[in-house]
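Structure, as structure tokens:
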Amino acid sequence: MAVPSADTVKVPDLQRLPGLRQYLASLTGRERARAQSRLSGLGEADLAGLGVSEPQLVERDYRVEEISGVIPPDLRGTLYRNGPGRWQDHTGRPLHHLFDGDGMLSAFTIADGAVHYKNRYVRTSHYTGKSGTRHLGTPAAGGWPANIGRFMPNLANTNVVEHAGHLYALWEGGPPHEIDPDTLETLGVRRFGGELRWMGSYSAHPSICPGTGEMFNFGVEFIPRPHLRIYRTNARGRLGHFRSVPLPYVAMVHDFAITERYLVFVVSPIIPDAVPVALGLKSLGDALQYQPRRGSVFILVPRAGGKVRQIESEAVMVFHLSNAYDDGEDTVVDAIRYEDGRLLKRIARFQSSSLDDAPSVFARYRITKTGRVLDEALCDEPCEFPRHHGGFEGRAHRYSYFNTRRHLGSFYDSITKLDLADRVATTYTTSGAGNSFCEPVFTPKADAVNEDDGWLLSVEYRADSHTSQLVILDAADLERGPVATAGLTHHVPQGFHGNFVPRAM
């Protein structure tokens, strides 16, 4: 297919988007023309919203003055969020892939009707200039000699989780970095007293059992054979190796869920073309391919020990699971399912791509006692970043919360609550053109009676002012809109995941 000349393609005004301008300038002529062609296909609202992908290079620490509405008096604690703060390596070179940026933590501390904001980069080896520059989606400069045998740096950019009094910044390809919960200072890489061994792969999506306080997690390892290495950390913070489970093929496994009986893994055939990666000819991000002919496998690992169940199914393309639970002899798991593998290509060139042709649905899978996998779509709106009440982790629950798109193609402009009993969805959509939301985080009210008695916390990018704001929604009355917002004096780049850590009254 012919690529339009850069001179003939209409592109957005880049004066307000220096990061995008620098990225485009770093591309070869043919790749730049492709990127500009993709940008020219975006609508006005998506073009206005591109600022959410601009880097944030300044670290701040201040009391937020722009408060609208009333901060709920019973809401006390800190919303921690993590995501790439810049998409450039420590040499200043622009990076291609959504997952390539250095991790920047944000902390919104809420108390007595006020909000304090702080952000700080995780001081990883890469951020401090002590690592190589071969990233997941961007090879190191210098061709294959500079890439062969080189590992990706741990960017600590995906999630931030508190457990047993410790706060961790997580990245699935390596061990966690411990973070001071008050200052956001990086305390160092943590291997839990040496128990997190081998490559130290440790998923960014641990699951904490509300009944026992245990935190389960896993890492994907490919040597000597593809397998999941599963960990269990007790309520006091002591990690131990739980067990290893073979994978059917070399695959990217990003997330999992727990029930009261099982750890639940959904293995999608997201498989790297390994030879070019090993030879330094291609980045892992560009080498990942969705191969539906390989099928998927649902893996059920008994928490009490015993035989692992592996149930083969038609291929499903998932990154994020929502929740899972036992239903008699069946196991039920909810997930965000994509139609095919186009998402992989879109996030590999996220700064100029739309997600319009990579639709997703909120789906439910039931694994029966006899080994059948039954599936149904519960919500067919394009969606991502599912959350629920943490007290129902691994248990039957009624409500799920996630981001949806109503007007945008590249970002999520809405927050949706799905009643899983009545299959009714309610949605709050931002009124600002080009505005977008990050993942909604649920925290229960102090006097909660019902499952949805709580607050949804999200960060909204405001395109017209190139700033962000904390948004507080009543989960029981989502369509009412924000009960309060706290406007920052700057923007927070689009991020991935976060959690709210309550503080005692």
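Just so you know, we're using my numbering here: the sequence shown kicks off at 136 and counts up by one. Built from N, CA and C at the ideal position, the CB exists for glycine as well. Model, not experiment: these values are computed from the prediction.
- 8 Å or more divides the Cβ of T561 from the Cβ of D548.
- Inter-residue distance for A450 and V401 is about 10 Å (C-alpha atoms, whole angstroms).
- In this structure S403 touches M452 by the C-beta definition: roughly 5 Å separates them, less than 8 Å.
- In this structure H270 is not in contact with D237, their Cβ atoms being roughly 10 Å apart against a cut-off of 8 Å.
- The beta carbon of L419 sits closer than 8 Å to the beta carbons of L271, G272, M287, P407 and V412 from its chain, once the five residues preceding and following it are set aside; these are given in chain order.
- G212: member of the beta strand (DSSP E) spanning G212 to R221, first to last residue.
- Where L182 is concerned, there is no enclosing beta strand (DSSP E), although the alpha helix (DSSP H) around it starts and stops at E179 to A183.
- With contacts defined by Cβ atoms closer than 8 Å, A409 and V385 form a contacting pair.
- Sorting I343, G309 and G346 by C-alpha distance to the C-alpha of R364 places G309 at the top.
- With a minimum length of 3 residues, the unbroken runs of beta strand (DSSP E) contained wholly in the segment 426–503 fall at 431–437, 444–448, 452–462, 465–473 and 495–502.
- Look at the beta carbons and you see the segment 568–580 not touching the segment 153–160: under three pairs across the two are nearer than 8 Å.
- Judged by DSSP in its simplified three-state form, W590 adopts strand.
- In terms of CA proximity to L322, H312 leads the group H312, L331 and G329.
- Less than 8 Å divides the Cβ of A304 from the Cβ of L240.
- Contact annotation, E586 with F527: C-beta distance approximately 7 Å; criterion of less than 8 Å satisfied.
- DSSP places E519 in the uninterrupted beta strand (DSSP E) bounded by C518 to R522.
- When Y534, A568 and T551 are compared, the shortest CA-CA separation from G544 is found for A568.
- In the structure shown, Q424 adopts extended strand secondary structure according to DSSP, grouped into three states.
- Around D475, the same chain offers Y425 and M452 as residues with beta carbons nearer than 7 Å, after the five sequence neighbours per side are excluded.
- When DSSP states are grouped into helix, strand and coil, D612 belongs to the helix group.
- Partner residues in a beta bridge of H601, as assigned by DSSP, do not exist.
- Taking G300 as the centre and dropping the five residues before and after it, the same chain places the C-beta of G372 closer than 8 Å to its C-beta, in chain order.
- Residue environment for S203: exposed (fewer than 16 other C-beta atoms within 10 angstroms of its C-beta).
- In the DSSP annotation of this structure, the continuous segment of the alpha helix (DSSP H) that includes Y158 starts and ends at P153 to S161.
- For R165, the uninterrupted alpha helix (DSSP H) run begins and ends at G164 to S175, by DSSP.
- DSSP places F327 outside both helix and strand once states are collapsed to three, so it counts as coil.
- Relative to the Cα of E320, the nearest Cα in the group Y256, S188 and V355 belongs to Y256.
- Inclusion of L608 and V618 in the CB contact set at 8 Å is warranted, their separation being smaller than that value.
- Just so you know, the alpha carbons of C514 and L479 end up roughly 22 Å apart.
- If you check the CB distance, G218 and A598 do not come in under 8 Å.
- Separation of T602 and S379 (C-alpha to C-alpha, rounded to the nearest whole angstrom) is 45 Å.
- Within the same chain, and ignoring the five residues on either side of N282 in sequence, the residues whose Cβ sits closer than 6 Å to its Cβ are R269, P274, A275 and G415.
- The C-beta of T624 has fewer than 16 other C-beta atoms within 10 Å across all chains shown, which makes the residue exposed.
- For the pair F391 and I502, the CB atoms are not nearer than the 8 Å cut-off.
- A249 carries a strand assignment under DSSP once its states are collapsed to helix, strand and coil.
- Residues of the same chain with a CB within less than 6 Å of the CB of G440, apart from the 5 flanking positions on each side, do not exist.
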